[in-house]
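Protein chains in written order, with this note's numbering: chain A, 51 to 166; chain B, 558 to 671.
From the three backbone atoms N, C-alpha and C, an ideal C-beta is built for every residue, glycine too.
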């Protein structure tokens, strides 16, 4: 079974600084997707970034980028120029590629606080 | 992406009653999922709902407690039956987008059982 581990229950960053959230996963699959979702106090799960395992290039979305290390099964999220609106719970998630119906497996989340 | 609307957004329910949560998508999707997020916890998949077939439930979740309907490709409901305080959670509807790559979520329904 696949597992996703987020070892940082809480993180804090100064506004305008950079922070990195860690995620590791365990799978025997070779093809899969990895995601970071953000959940602000409004509760909605918002997709931040997606990485396909077959792509060597790290995904980027504006201030958000990932460091994907397939051999190490590591998938960290870097937030640059942190803003107050980035404060939220961040969940790392895994989904196998083998079929279109497979579920997401989530980590336990990291609560990010942004200090003004 | 997909725009997903859930109703109700929030409700306070009496113990022993049932509540149905509605999920409407702005486009046709094949796969819809229902998740539960208990207070301070991560998300747990309740079931996968395909149009025209019975929902597939994850271990620990049963149809009698969480009946699901999927009458068409844009709509689904989840009923939480005979509620107890342990059912107090956020229930989230999600869909697999048409590319088959990404799962998007609705705003969630926050239920408190008293």
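Can you tell me whether residue i is helix, strand or coil according to DSSP?
| i | result |
| --- | --- |
| residue 643 (chain B) | helix |
| residue 576 (chain B) | strand |
| residue 81 (chain A) | coil |
| residue 630 (chain B) | coil |
| residue 154 (chain A) | coil |
| residue 136 (chain A) | helix |
| residue 111 (chain A) | strand |
| residue 658 (chain B) | coil |
| residue 74 (chain A) | strand |
| residue 620 (chain B) | coil |
| residue 559 (chain B) | coil |
| residue 52 (chain A) | coil |
| residue 583 (chain B) | coil |
| residue 652 (chain B) | strand |
| residue 568 (chain B) | strand |
| residue 612 (chain B) | coil |
| residue 128 (chain A) | strand |
| residue 65 (chain A) | coil |
| residue 87 (chain A) | strand |
Please report the distance separating the alpha-carbon of residue i from that of residue j.
| i | j | result |
| --- | --- | --- |
| residue 597 (chain B) | residue 56 (chain A) | 15 Å |
| residue 613 (chain B) | residue 65 (chain A) | 44 Å |
| residue 130 (chain A) | residue 73 (chain A) | 17 Å |
| residue 593 (chain B) | residue 581 (chain B) | 18 Å |
| residue 85 (chain A) | residue 622 (chain B) | 30 Å |
| residue 588 (chain B) | residue 655 (chain B) | 9 Å |
| residue 52 (chain A) | residue 147 (chain A) | 13 Å |
| residue 124 (chain A) | residue 600 (chain B) | 21 Å |
| residue 642 (chain B) | residue 566 (chain B) | 18 Å |
| residue 629 (chain B) | residue 609 (chain B) | 8 Å |
| residue 671 (chain B) | residue 602 (chain B) | 24 Å |
Within 10 Å of its beta-carbon, does residue i have 16 or more other beta-carbons around it, so buried, or fewer, so exposed?
| i | result |
| --- | --- |
| residue 578 (chain B) | buried |
| residue 644 (chain B) | buried |
| residue 136 (chain A) | buried |
| residue 569 (chain B) | exposed |
| residue 663 (chain B) | buried |
| residue 105 (chain A) | exposed |
| residue 113 (chain A) | exposed |
| residue 560 (chain B) | exposed |
| residue 574 (chain B) | exposed |
| residue 572 (chain B) | exposed |
Would a C-beta distance cut-off of 8 Å place residue i and residue j closer than the cut-off?
| i | j | result |
| --- | --- | --- |
| residue 164 (chain A) | residue 127 (chain A) | no |
| residue 620 (chain B) | residue 633 (chain B) | no |
| residue 145 (chain A) | residue 82 (chain A) | yes |
| residue 605 (chain B) | residue 618 (chain B) | no |
| residue 158 (chain A) | residue 61 (chain A) | no |
| residue 99 (chain A) | residue 116 (chain A) | yes |
| residue 120 (chain A) | residue 103 (chain A) | yes |
| residue 93 (chain A) | residue 647 (chain B) | yes |
| residue 54 (chain A) | residue 143 (chain A) | yes |
Please report the Cβ distance between residue i and residue j, rounded to the nearest whole angstrom; I am assuming they are in contact, meaning their Cβ atoms lie under 8 Å.
| i | j | result |
| --- | --- | --- |
| residue 89 (chain A) | residue 139 (chain A) | 4 Å |
| residue 666 (chain B) | residue 595 (chain B) | With 8 Å as the limit, residue 666 (chain B) and residue 595 (chain B) do not qualify as a contact, their Cβ atoms being about 14 Å apart. |
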